[in-house]
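Each number in the working numbering corresponds to the 1-based position in the sequence shown with 27 added. Structure first, then comments.
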Amino acid sequence: MKILLKFAFYLVIFCHNFFSAQKTFVFGKTNEHARAICSKGKTIFIGTNLGRIYKVKGNKSKLISTDSFPEIRDIQLVRRKLHVMQTGNIGRMICFKKGLFGKYTLERIQTFESGGKNVFLDGFSIYKNKGLLMGDPIDGKFSLYCLSASGEWEKLPNVASNTGEAAFAASGTTVHVSANHWYFVSGGLDSRLFHSTDYGLTWEILELPFSSCESCGAYSLSVLTKSNLVTKVIVGGNYLFPNEKQSNSFLQINNDSSWITPEVSPRGYRSVVIYNEKSNLLFCGGTNGIDFSSDFGRNWFSISGGNCFSMIPYKKGLIYTSDKGRIIRHKEVKK
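What follows is the structure, given as structure tokens:
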């Protein structure tokens with residue numbers, strides 16, 4: 028099905044002595060936004076609040092399915108399969124398989140319940156044939172699942188949550204999976220980092236120094252390895268106070284138990300952080316705009332305003348999703 032709106036324009040932004048050429052593309056409806064985005068080559072996949080899944084290439088977009096899965100919060104393409112996470116009143120993982128002529132067909136829908144209760148899913152990550160899916164706690168235990176060889180998500184051993192601790196499905200970036208390391212972050216009244224080296228059987232748990240409240244805590248993490256140093260950058264804050272700079276970003280180098288507060292923090296609450304390997308830059312975004320860091324999260328500088336829901340690396344910059352059915356491309360950030 029062809030998308031009805033095809034509209035793009037360019038804007039050049041100068042902010043804090045940094046330059047960024049910006050291109051906006053309207054992919055969907057004006058009441059539509061996306062917290063789920065991924066890419067493969069020049070093709071972008073987007074899942075929206077209205078439950079629509081778009082395939083975007085250049086300035087053209089189309090729906091890959093006529094089915095609707097309201098509140099899509101995460102999406103990832105692995106080989107020829109597109110994994111989609113639906114959350115809210117029902118927690119589902121939906122899998123589409125790429126067939127002849129690039130058409131995606133529905134392969135599997137898996138619904139998640141525990142003790143007769145719906146699982147509110149927060150995020151997932153897949154690396155090759157291994158994957159971790161996490162959801163909010165039920166009866167004092169996090170909802171954790173691993174991807175099996177059959178393609179089904181299987182329950183992992185219980186991990187206890189603390190009182191008032193949960194997670195945020197704001198950008199699909201609460202979970203990070205690499206070859207030998209699995210991570211997820213929590214927030215709320217208690218905010219923590221969970222790390223496993225045995226595919227989710229056991230976990231090392233570290234407290235995070237975010238403020239404590241129902242809307243506070245860690246919303247996103249990025250893990251990067253450079254010159255044998257492993258840096259974990261975690262962003263968040265309080266979405267009810269989008270301009271608050273205190274307790275919105277922390278970093279850790281290697282496995283030091285202490286957390287470093289940036290010298291210059293992002294400009295407010297941040298729901299997503301990513302690393303662009305080509306430019307060696309970190310980007311984070313939230314309700315009041317986008318920031319970047321060239322020193323692994325120690326100092327952050329603004330490159331644009333406006334609402335950001337989620338983002339992915341793009342060339343030496345980024346692509347981020349915004350309101351009114353828009354995605355915005357920044358090819359590069361320059362001084």
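Quick reminder that beta carbons are idealized off the backbone N, C-alpha and C, glycines included.
Check	Outcome
Segment limits, beta strand (DSSP E) that includes Gln113	Lys108 to Gln113
Lys144 - partner residues in DSSP beta bridges	Ser141
Opposing strand residues paired with Ile354 [DSSP bridges]	Phe52 and Thr348
Other residues of its chain near Ser274: CB distance less than 6 Å, five sequence neighbours each side excluded	Phe237 and Ser238
Identified DSSP bridge partners for Gly264	Gly244
Cβ neighbour criterion (16 or more within 10 Å) applied to Ala197	buried
Outcome for Ser12 when other beta-carbon atoms lying within 10 angstroms are tallied against a minimum of 16	Past the edges of the chain, shown from 28 to 362, lies residue 12, and the structure says nothing about it.
For Asp217 and Lys89, the rounded distance between their alpha carbons	41 Å
Cut-off 7 Å between Cβ atoms - residues of its own chain near Leu228, not counting five sequence neighbours on either side	Pro184
The beta strand (DSSP E) enclosing His60, as first and last residue numbers	Where His60 is concerned, there is no enclosing beta strand (DSSP E), given that its DSSP letter is neither H nor E.
Any non-hydrogen atom of the ligand ZN closer than 7 Å to Leu183 Cβ	The ligand content of the structure shown is nil, which means the ligand ZN is not present either.
CB of Lys343 within 8 Å of CB of Lys305, strictly	yes
Bounding residues of the beta strand (DSSP E) (the contiguous stretch that carries Cys311)	Leu308 to Gly313
Per-residue burial, Gly348 [other beta carbons within 10 Å of its own, 16 or more giving buried]	Residue 348 is actually Thr in this sequence, not Gly. Thr348 should be labelled buried.
Own chain, CB closer than 6 Å to Lys259, minus 5 neighbours either side, in chain order	Val250 and Gln279
Ser223 classed as buried or exposed, judged by whether at least 16 other C-beta atoms fall within 10 angstroms	buried
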